[in-house]
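If you count the sequence shown from 1, you need to add 4 to reach my numbering.
Just so it is clear, CB atoms sit at the ideal spot from N, CA and C, and this is done for glycine as well.
Just below is one structure, and these are the notes that go with it.
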Amino acid sequence: MSRTKQYKNLRKFHGILGKAVIAGYIQWKSNKSNWEMGHFEGMGYASGGTSGERVQGGDNTPPQERALEIKTNDKSYNALCRRIKKAEAIFESLDKNRKAILDIYCWGGAPWHACAHAIGQKSRTGFFSAVGELEVAVGKAWEEDEDRVPLT
Numbered sequence: 005m006s007r008t009k010q011y012k013n014l015r016k017f018h019g020i021l022g023k024a025v026i027a028g029y030i031q032w033k034s035n036k037s038n039w040e041m042g043h044f045e046g047m048g049y050a051s052g053g054t055s056g057e058r059v060q061g062g063d064n065t066p067p068q069e070r071a072l073e074i075k076t077n078d079k080s081y082n083a084l085c086r087r088i089k090k091a092e093a094i095f096e097s098l099d100k101n102r103k104a105i106l107d108i109y110c111w112g113g114a115p116w117h118a119c120a121h122a123i124g125q126k127s128r129t130g131f132f133s134a135v136g137e138l139e140v141a142v143g144k145a146w147e148e149d150e151d152r153v154p155l156t
């Protein structure tokens with residue numbers, strides 16, 4: 005049974021899922037940045053130039069090659085990259101008002117009234133309804149695309 009069939013209120017489910025994707029995206033980008041800077045110590049990988057198999061000629065694999073090898077072959081890193089790409093595709097498909105809510109309110113940390121003014125919303129209720137609609141739209145898009153973009 006799919007997880008959406010377990011929920012009686014699909015709108016609420018999509019809203020929660022969308023909120024998680026929006027919040028998770030920032031953490032995913034941070035994790036990817038750490039990977040790309042070569043911070044493997046906390047991930048169970050050895051650091052420095054003494055790790056890795058010996059290359060022809062007797063020298064150990066240089067750290068840059070080891071990092072590239074880990075990034076290329078690590079399932080967690082590749083899944084993280086797919087997750088980020090999928091979220092970015094969803095965010096790109098949003099209209100300009102929803103993108104503004106993401107940039108200004110969700111990720112920018114501006115107060116609701118500043119973002120509401122930027123998108124032409126006059127009331128607090130109307131603004132937070134727009135935020136809810138954004139979360140539902142992101143959640144639906146994430147759920148619909150789940151089978152086409154495997155995350156593991």
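- In this structure, the beta-carbon distance from ALA104 to TRP32 does not fall below 9 Å.
- Excluding the 5 residues flanking it on each side, CYS110 has same chain C-beta neighbours closer than 7 Å at ILE26, in chain order.
- Our two residues, LEU21 and ASN64, have alpha carbons roughly 45 Å apart in a direct line.
- For the set ALA141, ASN101, GLU137 and GLU40, the Cα lying nearest the Cα of ARG70 is the one of GLU40.
- If the five residues before and after TYR81 are omitted, its C-beta is found closer than 6 Å to the C-beta atoms of TRP39 and LYS75, all from its own chain and listed in chain order.
- Look at ALA114 here: in three-state DSSP terms it is coil, with no helix or strand label.
- Pairing LYS144 with ASN101, the inter-Cα distance amounts to about 18 Å.
- Taking a C-beta distance under 9 Å as the contact criterion, ASP149 and ALA93 qualify as a contact pair.
- The three-state reading of DSSP puts ASP149 in coil, since its state is none of H, G, I, E or B.
- With respect to LYS36, ILE108 sits apart: the two C-beta atoms are not nearer than 9 Å.
- Separation of GLU96 and ALA24 (C-alpha to C-alpha, rounded to the nearest whole angstrom) is 17 Å.
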